[in-house]
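Take a look at the structure set out below.
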Amino acid sequence: MARPVVAIVGRPNVGKSTIFNRLIGDRLAIVEDKPGITRDRIYGGAEWNGKLFSVIDTGGIEIDGDDMILRSIRLQAELAIEEADVIVFMCDAKTGVTSSDEEVAQILFRSGKPVILAVNKVDNMKRAEDIYEFYSLGFGDPVGISGSHGTGIGDLLDAVVENLPDLTDDEYDEDVIKVALIGRPNVGKSSLVNAILGEERVIVSDIAGTTRDAIDTPFEKDGQRYVLIDTAGMRKRGKVYETTEKYSVMRAMRAIERADVVLVLINGEEGIIEQDKHIAGYAYEAGKASIFVVNKWDVVEKDDKTMQHFENKIRDHFLFMTYAPVVFLSAKTKQRLQKLLPVVKHVAEQHTLRVQTHLLNDVISDAVAINPPPTDKGRRLRINYATQVAVKPPTMVVFVNDPEIMHFSYERYLENKIRAAFNFEGTPIRIFTRRKSDES
Numbered sequence: 453m454a455r456p457v458v459a460i461v462g463r464p465n466v467g468k469s470t471i472f473n474r475l476i477g478d479r480l481a482i483v484e485d486k487p488g489i490t491r492d493r494i495y496g497g498a499e500w501n502g503k504l505f506s507v508i509d510t511g512g513i514e515i516d517g518d519d520m521i522l523r524s525i526r527l528q529a530e531l532a533i534e535e536a537d538v539i540v541f542m543c544d545a546k547t548g549v550t551s552s553d554e555e556v557a558q559i560l561f562r563s564g565k566p567v568i569l570a571v572n573k574v575d576n577m578k579r580a581e582d583i584y585e586f587y588s589l590g591f592g593d594p595v596g597i598s599g600s601h602g603t604g605i606g607d608l609l610d611a612v613v614e615n616l617p618d619l620t621d622d623e624y625d626e627d628v629i630k631v632a633l634i635g636r637p638n639v640g641k642s643s644l645v646n647a648i649l650g651e652e653r654v655i656v657s658d659i660a661g662t663t664r665d666a667i668d669t670p671f672e673k674d675g676q677r678y679v680l681i682d683t684a685g686m687r688k689r690g691k692v693y694e695t696t697e698k699y700s701v702m703r704a705m706r707a708i709e710r711a712d713v714v715l716v717l718i719n720g721e722e723g724i725i726e727q728d729k730h731i732a733g734y735a736y737e738a739g740k741a742s743i744f745v746v747n748k749w750d751v752v753e754k755d756d757k758t759m760q761h762f763e764n765k766i767r768d769h770f771l772f773m774t775y776a777p778v779v780f781l782s783a784k785t786k787q788r789l790q791k792l793l794p795v796v797k798h799v800a801e802q803h804t805l806r807v808q809t810h811l812l813n814d815v816i817s818d819a820v821a822i823n824p825p826p827t828d829k830g831r832r833l834r835i836n837y838a839t840q841v842a843v844k845p846p847t848m849v850v851f852v853n854d855p856e857i858m859h860f861s862y863e864r865y866l867e868n869k870i871r872a873a874f875n876f877e878g879t880p881i882r883i884f885t886r887r888k889s890d891e892s
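Just so we're aligned, residue 453 is where the sequence shown starts under the working numbering, counting upward by one.
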């Protein structure tokens, strides 16, 4: 199910990133102790009163070149208007209304999108009185907040969720495998869609960012129905923010949320760059089944060791996704293309695999017998039993005497043992630890 999107917009130094972290609960600051994930984030998930939504921090979007600050702010506001269902317009109570605030307000007002005016740095009673001048911006009652103290965040979230649209589930049957293609510009996403379909369904160009919108393409192969979701590219050619690599992450997130299987495309000719890790990290965090697809393999000079060396590089760079298989192909020549869909179908099945409780507990018992949990300050972790509570991704709950002494390294050990027993190739596994008394 696609989530509504909330964008945080405002001039520099009003505390956008602090509020972003507050809204997502710092959930993305440390990603489950998994090595290899790039830590800085501009897109995160949040929940309030049972409503799920995504949050964009436009302060994390860097505009290339030597543009004036005001132009950068304007472009970020335009980007938020395109992407967001609700916009949080942030100002600073300490400095009052500025000309930059008025500039952004005019852009947002013309957008017709719901705008919540949040005035940050309301850290005391005097500042609380200062928010009244922000009525002049024309967005109704300002919400006074303090990013440093956390005050007013609940009121802000109440206003946000009140304006969120209701997005319905995709109108596809359960047996349809939804496949999202993600990757930085010019890795060949549209070319791969065309190669799979065997016809020119999507415009292909060597110019990065020529795909305008997310395109759903249903098709059937060997009795299995699929939907290809080609991630949207840049809608406004020539804008400065189109050259911003982080912009592609926001486009990819929309597709990732709807997908069952995510194809993380890597340019075999250029190799792996940091942005590839950004994008793959979102597929991991969303709990999606994933496959690394190394495209443009036809132009790579190679010998009998080249493929293994490249796969080793992928494993070194993406330590948090060692479960994801790697497929080498060329969308242009269709070399090795026939290997892709069988892998997609396999990892989709693994993503929905459910293990019987007694089999899971047999594996856990054997793992504990081979390698007992270490002690922590004289206390030893005791595992009572485990059960699988969800699929997409497979999610296990392990009931123990004290969750506080479950070390992440031992949790990873259990995950490895579960994978060795049941495979789960291509899908992340989630393991949660609960006190045995929490069973009820």
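For glycine and all other residues, C-beta sits at the position ideal for the given N, C-alpha and C. Note that this is a predicted model, so its numbers are computed, not measured.
Rounded to whole angstroms, how far is the Cβ of Lys641 from the Cβ of Ile681, which I believe are closer than 8 Å? Residue numbering aside, residue 641 sits at position 189 when the sequence shown is read from its first letter. Residue numbering aside, residue 681 sits at position 229 when the sequence shown is read from its first letter. Their Cβ separation, rounded to whole angstroms, is 10 Å, which puts Lys641 and Ile681 out of contact at 8 Å.
Going residue by residue through the region 791-815, where are the continuous alpha helix (DSSP H) segments of at least 4 residues, counting only ones entirely within it? 792-803
Cα-Cα separation between Pro794 and Leu866, rounded to whole angstroms: Within the sequence shown, numbered from 1, the residue matching residue 794 stands at position 342. Within the sequence shown, numbered from 1, the residue matching residue 866 stands at position 414. Using only the alpha carbons, I get a separation of about 29 Å.
Near Trp500, what residues of its chain come up, given a Cβ to Cβ distance below 6 Å and the 5 sequence neighbours on each side ignored? Indexing the sequence shown from 1 puts residue 500 at position 48. Here the set comprises Leu609 and Val613.
State the CB to CB distance for the pair His798 and Glu877, rounded to an integer number of angstroms; the pair is presumed to be in contact (CB under 8 Å). Locating residue 798 in the sequence shown gives position 346, where the first residue counts as 1. Locating residue 877 in the sequence shown gives position 425, where the first residue counts as 1. His798 to Glu877, Cβ: 7 Å. Contact.
By alpha-carbon positions, which one of Leu569, Glu863 and Phe780 ends up nearest to Val820? In the sequence shown, residue 820 corresponds to position 368, counting from 1. That would be Glu863, whose Cα lies nearest to the Cα of Val820.
Chain-order list of residues whose beta-carbon lies under 7 Å from that of Pro855 (same chain, five-residue window excluded): For this step, residue 855 is matched to residue 403 along the sequence shown. Closer than 7 Å at the Cβ level, and outside the excluded window around Pro855, lie Thr885, Arg886 and Arg887.
If you count every other CB in all the chains shown that lies within 10 Å of the CB of Lys748, and 16 or more means buried, which is it? One-based indexing of the sequence shown puts residue 748 at position 296. So Lys748 counts as buried.
Since Arg886 is in the beta strand (DSSP E), which residue starts that stretch and which ends it? As a working note, residue 886 is residue 434 in the sequence shown. Counting along the chain, the beta strand (DSSP E) containing Arg886 begins and ends at Arg882 to Arg887.
Ile533 (DSSP reduced to helix, strand or coil): Residue 533 sits at position 81 when you count from the first residue of the sequence shown. The answer is helix: DSSP assigns Ile533 an H, G or I state.
Measuring from the CB of Tyr584, is there a heavy atom of the ligand MG at a distance below 8 Å? Questions concerning the ligand MG fall outside what the structure shown contains, since it holds no ligand whatsoever.
Classify Ile822 as buried or exposed, calling it buried when 16 or more other Cβ atoms lie within 10 Å of its own Cβ. As a first step, residue 822 must be located in the sequence shown, where it is residue number 370. With fewer than 16 Cβ atoms within 10 Å of its Cβ, Ile822 is classed as exposed.
Using 10 angstroms around the beta-carbon of Gln808, count the other beta-carbons present and answer buried if the total reaches 16, otherwise exposed. In the sequence shown, counting from the first residue as 1, residue 808 sits at position 356. The residue in question, Gln808, is exposed, as its Cβ has fewer than 16 Cβ neighbours within 10 Å.
Just to confirm my understanding: we take Ala422, look at its own chain, exclude 5 residues before and 5 after, and list those with CB closer than 8 Å. What are they? This structure does not reach residue 422, given that the chain is present from 453 up to 892, and the question cannot be answered.
Beta-carbon gap between Val746 and Phe780 smaller than 9 Å: On the sequence shown, residue 746 is found 294 positions in, with the first residue counted as 1. On the sequence shown, residue 780 is found 328 positions in, with the first residue counted as 1. Against a cut-off of 9 Å, the Cβ pair of Phe780 and Val746 comes out as a contact.
Please go through the same chain and pick out, in chain order, the residues whose beta-carbon is closer than 7 Å to the beta-carbon of Lys503, but skip the five residues on each side of it. As a working mapping, residue 503 is identified with position 51 in the sequence shown. Counting only Cβ-Cβ distances below 7 Å, and skipping sequence neighbours, we find Val613 and Leu616.
So, at 7 Å on beta carbons, what are the nonlocal neighbours of Thr785 in its own chain, with the 5 sequence-adjacent residues on each side left out? The residue labelled residue 785 in the question sits at position 333 within the sequence shown. So the qualifying residues of the chain are Asp750.
Can you tell me whether Leu633 is helix, strand or coil according to DSSP? Translated into positions along the sequence shown, residue 633 becomes position 181. Residue state, collapsed to three classes: strand.
Secondary structure at Val567, three-state DSSP: helix, strand or coil? Here residue 567 corresponds to residue number 115 of the sequence shown, with the count starting at 1. DSSP places Val567 in strand when its eight states are reduced to three.
The beta strand (DSSP E) spanning Ala741 covers which residue range? Residue mapping note: residue 741 aligns to position 289 of the sequence shown, counting from 1. Element bounds for Ala741: Ala741 to Asn747.
If you compare alpha carbons, which of Lys565, Ile559 and Thr547 is closest to Asp537? Counted from its first residue, the sequence shown places residue 537 at position 85. For Asp537, the nearest C-alpha among the options comes from Lys565.
At what residues does the alpha helix (DSSP H) containing Ser469 begin and finish? As a working mapping, residue 469 is identified with position 17 in the sequence shown. Residues Lys468 to Leu475.
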